[in-house]
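FYI, the numbering for the sequence shown is 21 to 674, going by the numbering used here. The C-beta atom is built at its ideal place from N, Cα and C for all residues, glycine as well. Before any comments, here is the structure.
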Amino acid sequence: MTAAPQTVRTLATPFTVNTVEIPNRLVMTPMGSDLANADGTVGPRLLKYWLERAEGGCGLLITEITRVNDEHGPGTPNQLSVTRDELVPQLAEAIEAVHARGSKIFLQLQHPGNQGLPQLNKGQVTVGPSAVRSELTKAPVRALENEEVKSLVQDFINGARRAKEAGADGVEIHGAHGYLIDEFLSPRTNKREDEYGGSFENRCRFLVEILDGVREVVGPDFPISVRLSISQCYDLIGMPGVGNEVADGVRIAKVCEEHGADLISVSSGTYETGVTVIEPVNTPRNWRDPMIRAVRDAVKIPVMGVSIVREPEQAEKMLNDGLVDLIAMGRSWLADPQWGIKAIEGRDADITRCIGCMYCFEALFSGGHVECAVNPRCGFESEFPIEPERNAEGRTALVIGGGPAGCEAAETLAKRGAKVTLVEAMDTLGGQVVPGTNPPGKDPMGWLVENYTHRLEKAGVDVRLSTRFGVEDVRAFGADAVIVATGAAPIVPNIPGIDGDNVVDAIDVLGGTREVAGRAIVVGSGMTGLETAELIAANGGEVAVYEMAPELGAGAFHMNLISVTSKLKKAGVPMNTGHRLVEVTGSGAVFEADGSQLTVDAETVVLAIGMRSENALASELEAAGTEFRTAGDVSKVAKVAQAVATGYRVGLEA
């Protein structure tokens, strides 16, 4: 990223929605955090999460999905709520704190519809406009009665009233992503035969009644935003003609304008077409721009739209091209809560960019709260200060290993005031992240390496590449604190032929140190194996995947798995499960499947069976009685997120 020119960027200029002036063009879009208290109040965790983004230059903060109904409206276990008047005073205190940091705040009002979960609704059946279940949750759904629909309209109206009473600057109506309002809008999920279903006008009625009712209670000067899936994107998953497409979404946006909306927030997809809502790393940036442009050309009110914005220059171009009035970003604020102030001040190189790994959503889908792979404090803001206490001045620290865990530990120690030396055997920082940048579309993973290189230099860490340390080197160095972050190495099974010249490791293939000759088979279907197969296919090679387990992608987050397997299917790559590798021969490999053996011809056998901790140095140091700490895969093989988190915490404790 290049630094900004000395002139003021457009993203730093104010913008008015209705009567509310937003101090700059940077918006934090709603993202479920699950950081609220169980009773729906803000609580210290969520408040600190908000305040850091407000202090970090966020002009408009739009809250996570805020429920308007307690009976069948919860979307997450710890979800913000505006269902009761007694919630208003505590919410008002939190909003006042956001205002004190210079930001405006809208509350997003939401009902999950058929994407709700019975376990959050005291076991009640999930509701929707019709009894059409979500293919995401697969939970039973019952159709709302007519009077229940009217009651839900009032729930949204009451939620908006409470938001205004609490001092919010506006509200956003969540009409996207397959949630309840979007279900009413879509012919896929709305099969009703009353005034809320059938024709386009009837399918819009639920949203229209909400908009009209909200405007009546909040008055003419209170901003109302509507978030819409301009296309539900079923065509992108092989289901053309199902659900709303761009032309439908544009019509809905115009209806919103006609009924008093002040801002359209453009999104796309439902959670059935999930990677069109939340895009994995290999999704082209700006892919949604044609949808945004279609809305921009159709309405006269302000427009914003999510477009995988990672860099200030990208945001600036969208504004200067007239595509949007406000820059809508989600995950970028998770990766760096100071994204805004850094962009405004032209400190682009200081920004920690989101790498699109999807860990934030993996953490939520796993039943936890929001976290971020590249920001170990995300979701823990109330637990750890944004800058660690300088309590290590006068101490020396040695970090062995320059992967994410080692880099994070080194920077954290340096920020605490220690004199830090990091040694790395390779000629670059990044560890296993480096080969991980080479599959098609995964170059953003390299941003993490760039960022750590910049951050360690800025922190004053003495980085020594192409340097190996053994026990005697560590002891001779004499550091006050030693961190071993030597990472992991590929697992090599003990089977006949495994040491043949035709056997290569997936990490070496991804890293470009080994070539694949002729037809290849990839053994193992974790993300490493699947992405290696994708790379081979993209380079014109013939490849097939063989997996021992009954299903592909053990341990992979389902949205990442869907993304890569869909590309492999499109490329015609066979993916076989239930095949255990028992032997490698000079002409291929032998697998055991269904009790019999199968010989597969191939010129190259690529191993992607998994990783093991590279803990030889740690074991030797322990045997020598040298005190040390470990971080990352050397302790337990996991993902980038765990490497960064353990590096950060060890850096605080050492």
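- Looking at the backbone, the Cα of E673 and that of A430 are separated by about 12 Å.
- With fewer than 16 other Cβ atoms inside 10 Å of its own Cβ, R484 counts as exposed.
- Under DSSP, the beta-bridge partners assigned to R247 are H194, S285.
- In the structure shown, L476 adopts helical secondary structure according to DSSP, grouped into three states.
- Judged by pairs of C-beta atoms under 8 Å, the region 576-594 does not touch the region 505-518, as fewer than three such pairs exist.
- Per DSSP, the beta-bridge partners of L127 are V191.
- Taken atom to atom, the span from the alpha-carbon of A196 to that of G289 is near 8 Å.
- Sequence-distant partners of R397 (beyond 5 residues in either direction) whose C-beta falls short of 6 Å from its own C-beta, in its chain, are F404.
- The region 547-554 and the region 570-582 touch, with three or more beta-carbon pairs separated by less than 8 Å.
- If you check the CB distance, A58 and V118 do not come in under 7 Å.
- In terms of Cβ geometry, G350 and T49 form a close pair [threshold 7 Å].
- In the DSSP assignment, R208 falls outside any beta strand (DSSP E), carrying neither H nor E.
- The region 141-161 and the region 197-216 touch, with three or more beta-carbon pairs separated by less than 8 Å.
- With a beta-carbon spacing of about 7 Å, F242 and N38 fall inside the 8 Å limit used to define contacts.
- Leaving aside the five residues that flank Q99 on each side, the residues in its chain whose CB is nearer than 8 Å to its CB run, in chain order, G52, D54, A56, G60, E84, I85, T86, R87.
- Within the same chain, S53, D54, L55, R65, N98, A383, G399 come within 8 Å of H389 by CB-CB distance, once the 5 residues on both sides are set aside.
- Judged by beta-carbon spacing, A355 lies within the 7 Å limit of C374, meaning their Cβ atoms are closer than that value.
- Assignment of D521 by DSSP, reduced to helix, strand and coil, places it in the coil class.
- I406 sits exposed, since fewer than 16 C-beta atoms from the chains shown fall within 10 Å of its C-beta.
- Using a 10 angstroms sphere on the CB of D282, the tally of other CB atoms reaches 16 or more, which defines it as buried.
- Per DSSP, reduced to three states, the secondary structure at V664 is helical.
- For N596, the pairing in a beta bridge is given by DSSP as Y566.
- Distance from the CA atom of L601 to the CA atom of W467, rounded to whole angstroms, is 36 Å.
- Between the alpha carbons of L127 and S327 lies a gap of roughly 21 Å.
- Taking each of I629, T624, I361 in turn and checking the Cα distance to D521, the smallest one comes out for T624.
- Around the beta carbon of S639, fewer than 16 other beta carbons sit within 10 angstroms, so the residue counts as exposed.
- Selection V494, P513, G456, K439 evaluated against A479 yields K439 as nearest (Cα-Cα).
- With a threshold of 16 other beta carbon atoms within 10 Å, R225 meets it and is buried.
- Secondary structure note for R484: its beta strand (DSSP E) is the uninterrupted segment 482-484.
- Inclusion of P94 and L140 in the CB contact set at 7 Å is warranted, their separation being smaller than that value.
- Counting only residues of its own chain and dropping the five nearest sequence neighbours on each side, L339 has a CB closer than 8 Å to the CB of T30, L31, R45, D345, I347.
- Rounded to whole angstroms, D447 and V491 show a C-alpha spacing of 21 Å.
- Residue state for P138 is assigned as helix, using DSSP reduced to three classes.
- When the five nearest sequence neighbours on each side are left out, the beta carbons in the same chain lying within less than 7 Å of the beta carbon of G561 are those of V536, A540, in order along the chain.
- Counted as a single uninterrupted DSSP element, the stretch harbouring E612 is not any alpha helix (DSSP H) but the beta strand (DSSP E) occupying residues 608-613.
- Among the bridge pairs identified by DSSP, A509 is matched with R632.
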